[in-house]
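Note that our numbering has the sequence shown beginning at 16, numbered continuously upward. To start, the structure under review is shown below, and the notes come after it.
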Amino acid sequence: MDKLKKQMDFLIEIAKMKSIYRQSVYFENGKLKRENDAEHSWHMCMYAMVLDEYAPKGTDISKCIKMMLIHDLVEVYAGDTYLYDEKGNSDKAEREQKAADKLYSMLDDKGEELKALWYEFEANESLEAQFANTLDRLQPLLLNYLTQGTKWKEHQVHISQVIEKGKWKTRKVDERIRKFVLDLLNDSVKKGYLLP
């Protein structure tokens with residue numbers, strides 16, 4: 016029963032993802048709404064399912080989906096760090112490591128399994144991690160485009176920053192995805208959503 020209690024406590028704790036708001040916004044009923052971590056994680060899983068044909072050959076999509084479900088759980092304690100926030104990113108790894116240690120210690124063996132999956136995502140070396148990380152860069156980019164660059168404009172983001180942070184010229188990614196992203200970014204500059 017002790018194990019079940021720990022599992023339930025963990026599940027209650029991670030429900031806090033619903034109140035961790037990201038910089039990404041989307042339209043809901045004609046109004047801008049900030050995306051929360053739970054919405055983001057769900058959307059990432061859908062990206063993996065719908066775009067699986069663009070994953071590297073041999074990618075285990077089920078594992079990728081598990082990775083997407085847990086990739087931001089540490090933000091329950093570490094908070095969300097905006098990609099273009101240099102100060103916030105300076106201690107992000109340390110904050111997230113402490114959060115992972117605290118969060119996953121709530122569970123027994125399952126905690127180690129989930130933590131290992133998070134480490135794998137962060138290392139970005141396996142096929143699943145590479146695909147998950149690609150989608151994690153793609154999703155907010157699309158939200159920015161669909162909201163006419165709302166957050167890019169607010170933070171005065173340049174196209175070179177998006178390309179560099181997303182590693183869109185060097186990332187191991189299906190060339191159709193790369194072309195889609197670069198075309199979308201160039202269109203964003205033309206439309207004034209993103210600075211040149």
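No residue lacks a Cβ here, since even glycine has one placed at the ideal position from N, Cα and C.
Task: Helix, strand or coil at Y69 [DSSP, three-state] - done: Annotated three-state conformation of Y69 is helix, per DSSP.
TODO: Excluding the 5 residues preceding and the 5 following N148 in the sequence, name in chain order all residues of the same chain whose CB lies nearer than 6 Å to its CB.
DONE: Sequence-distant Cβ neighbours of N148 in its own chain, meaning closer than 6 Å and more than five residues away, are N139.
Open item on the list: For M121 and F42, I'd like the C-alpha separation in whole angstroms.
Closed with: Each residue's Cα considered, the two are about 36 Å apart.
Open item on the list: On the DSSP letters alone, give me the boundaries of the beta strand (DSSP E) that L47 sits inside.
Closed with: Run containing L47: K46 to N51, per the beta strand (DSSP E) assignment.
- [ ] Return the CA-CA distance between G45 and Y208, expressed in angstroms with no decimal places.
- [x] If I take the Cα positions, the gap works out to 18 Å.
Task: Boundaries of the alpha helix (DSSP H) in which S3 is found, first to last residue - done: Because the chain is modelled from 16 through 211, residue 3 falls outside the range shown and cannot be assessed.
Task: Beta-carbon proximity of A53 to M82, cut-off 8 Å - done: Not a contact, by the Cβ cut-off of 8 Å.
- [ ] Using only alpha-carbon positions, find the residue among K180, R191, V188 and D189 that is nearest to Y97.
- [x] Looking at K180, R191, V188 and D189, the one whose alpha-carbon comes closest to that of Y97 is K180.
TODO: Let me know the secondary structure DSSP gives E111 once reduced to three states.
DONE: When secondary structure is reduced to three states using DSSP, E111 falls in the helix class.
Task: Nearest-angstrom Cβ-Cβ length linking H86 and W133, presumed shorter than 8 Å - done: Taking 8 Å as the upper bound for CB-CB distance, H86 and W133 are in contact here, some 7 Å apart.
Open item on the list: Our contact map puts I174 next to V204 with C-beta atoms below 8 Å; I'd like the distance itself, whole angstroms only.
Closed with: Approximately 5 Å separates the beta-carbon atoms of I174 and V204; this is inside 8 Å, confirming the contact.
- [ ] Look at D198 and Y69 and say whether their C-beta atoms are less than 8 Å apart.
- [x] Between D198 and Y69, the C-beta gap is not smaller than 8 Å, which leaves the two residues out of contact.
TODO: Look up E179 in the DSSP assignment and say whether it is helix, strand or coil.
DONE: DSSP, read as helix, strand or coil, puts E179 in helix.
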